[in-house]
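S.K.:
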Amino acid sequence: MASANRYPVPAARVRVEDRIQNSRFIATLARAASPDEARGLVDELRAEFPDANHHCFAFLSGPPGSTGAMGSSDDGEPGGTAGRPMLSVLLNSGLGDVVVVVTRYFGGVKLGTGGLVRAYSGAVQHALRAVETVERVEMVTVRVTFPYPQTDTVRRLLDRVGAVITSEEFGGEASLLMRIAEDRREEIARALLDATAGTARVTGAE
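Following the numbering used here, the numbering of the sequence shown begins with 9 at its first residue and continues without gaps.
(1) In angstroms, rounded to a whole number, what distance separates the CA positions of Ala138 and Tyr128?
(2) From Ala35 to Phe57, what distance separates their C-alpha atoms?
(3) DSSP on Arg137, reduced to helix/strand/coil?
(4) Rounding to the nearest angstrom, what Cα-Cα distance links Arg209 and Pro72 in this structure?
(5) Just the C-alpha distance for Gly115 and Thr75, rounded to the nearest angstrom, thanks.
(6) Please state whether the Cβ-Cβ distance between Gly84 and Phe67 is less than 8 Å.
(7) By how many angstroms is the C-alpha of Thr174 removed from the C-alpha of Arg151?
(8) Which whole runs of the alpha helix (DSSP H) in the segment 37-71 are 4 residues long or more, in chain order?
(9) Going along the chain, which residues of its own chain have a beta-carbon closer than 8 Å to the beta-carbon of Arg14, five neighbours each way excluded?
(10) Taking only runs that begin and end inside the segment 168-213, name each unbroken beta strand (DSSP E) of 3 or more residues, in chain order.
(11) I need the DSSP call for Gly122, collapsed to helix, strand or coil.
(12) For Val145, does the three-state DSSP call read helix, strand or coil?
(13) Kindly indicate if chain C contains any beta-carbon less than 8 Å away from that of Val150.
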């Protein structure tokens, strides 16, 4: 189940194209962890397709369905016929950190309000069917300090839970700096305490 710390995101950029009444709707969907990244894709596609009539877009930066960092644009299409319908599809897609730009080349036939909504929504749905996803996991850096005799025990446990050791220090006790999944921090801390008879201490990185 998706959470604020762990959720699906696009694995790579995808592009699909629909032709409706001689108009071309080119949908480009990608990962965007911030509004700036999303707008960067819009700028990139304006440069790639400088002669297109419209570059409508929608983005959602954050967990699936969140509304804290999102945006959309009709880019000259009649109000409410492109950006908002596209955003609605993204909000119900189950993906986070996602941006989609639909580039339109007008084919000479007006589609009407309903036709435009269907065309832009359909282009986003087409791109979502094509995209592969990966899980985004929020990571945190913590320090574990423990007596030297517990070194093998600690290392075996950290390897088992997928912790990534980034540095080691050796003074009066052993100390490891590591990256772990944020939503498993308490679980891993408890496991370390249990495995070392309460001698390992997990703290935030200084």
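Yeah, the Cβ is synthetic: ideal placement off N, Cα and C, and Gly gets one too.
M.R.: For this structure:
(1) Stepping through the sequence shown from its first residue, residue 138 is reached at position 130. Stepping through the sequence shown from its first residue, residue 128 is reached at position 120. The straight-line gap from Cα to Cα measures roughly 16 Å.
(2) Here the question's residue 35 lines up with position 27 in the sequence shown. Here the question's residue 57 lines up with position 49 in the sequence shown. Each residue's alpha carbon lies about 12 Å from the other.
(3) Locating residue 137 in the sequence shown gives position 129, where the first residue counts as 1. In this structure, Arg137 counts as helix in the three-state DSSP scheme.
(4) Position 201 of the sequence shown, counted from the start, is the residue given in the question as residue 209. Position 64 of the sequence shown, counted from the start, is the residue given in the question as residue 72. Between Arg209 and Pro72, the C-alpha separation is close to 34 Å.
(5) Start at 1 with the first residue of the sequence shown, and residue 115 comes out as number 107. Start at 1 with the first residue of the sequence shown, and residue 75 comes out as number 67. Computed Cα separation, rounded: 34 Å.
(6) The residue you call residue 84 lines up with position 76 of the sequence shown. The residue you call residue 67 lines up with position 59 of the sequence shown. No, these two residues do not count as a Cβ contact at 8 Å.
(7) Position 143 of the sequence shown, counted from the first residue, corresponds to residue 151. Position 166 of the sequence shown, counted from the first residue, corresponds to residue 174. Taking the straight line from one Cα to the other gives about 10 Å.
(8) 43-56
(9) Here residue 14 is taken as the residue at index 6 of the sequence shown, counted from 1. So the list reads Glu143, Arg144, Val145, Glu146, Ala189, Asp191, once near-sequence residues are dropped.
(10) 172-178, 182-189, 209-212
(11) Against the sequence shown, residue 122 aligns to sequence position 114. In this structure, Gly122 counts as helix in the three-state DSSP scheme.
(12) Along the sequence shown, one-based indexing puts residue 145 at 137. In this structure, Val145 counts as strand in the three-state DSSP scheme.
(13) Protein chains in the displayed structure number just one, and chain C is not present.
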